[in-house]
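Residues in the sequence shown are numbered from 277 upward in steps of one, following the working numbering.
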Amino acid sequence: MAAKKKNFETQLKRLQTIVESLENGELALEKSVALYKEGMTLSKECRTQLENARNEIRLFTEEGEAPFDEETTSAIITD
Numbered sequence: 277m278a279a280k281k282k283n284f285e286t287q288l289k290r291l292q293t294i295v296e297s298l299e300n301g302e303l304a305l306e307k308s309v310a311l312y313k314e315g316m317t318l319s320k321e322c323r324t325q326l327e328n329a330r331n332e333i334r335l336f337t338e339e340g341e342a343p344f345d346e347e348t349t350s351a352i353i354t355d
């Protein structure tokens with residue numbers, strides 16, 4: 277059985293940890309490069325998941341539901 281994909285929140289948390297480690301600047305070059313590669317992979321996976329969610333929402337709204345108000349949604353996300 278294939279390993280279950282990590283959920284968005286887990287991937288995002290790992291990505292944040294990687295960014296903090298890289299910004300710290302105390303890692304060896306090899307470790308920094310490895311973390312950078314992992315971070316880029318996670319970033320791509322998160323972006324794909326967000327795009328899939330956006331498409332699901334778009335499909336749902338095309339079926340008769342009202343679209344989200346961007347200002348309201350943005351305020352909720354940043355809280």
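Beta carbons: idealized from backbone N, C-alpha and C, even for Gly. Remember, predicted model here, so these are calculated numbers, not experimental data.
Item: Got a sec? Which residues, its chain only, sit under 8 Å from E302 by beta carbon, not counting five neighbours each side?; Value: none
Item: State the Cα-Cα distance for the pair E296 and L288, rounded to the nearest angstrom.; Value: 12 Å
Item: Between C322 and L291, which are expected to be in contact by the criterion C-beta below 8 Å, what is the C-beta distance as a whole number of angstroms?; Value: 7 Å
Item: On a Cα-Cα basis, can you pick out the residue from K313, L326 and I333 that is closest to N283?; Value: L326
Item: List the whole-angstrom C-beta distance separating G315 from I294, where the pair is believed to meet the contact cut-off of C-beta under 8 Å.; Value: 4 Å
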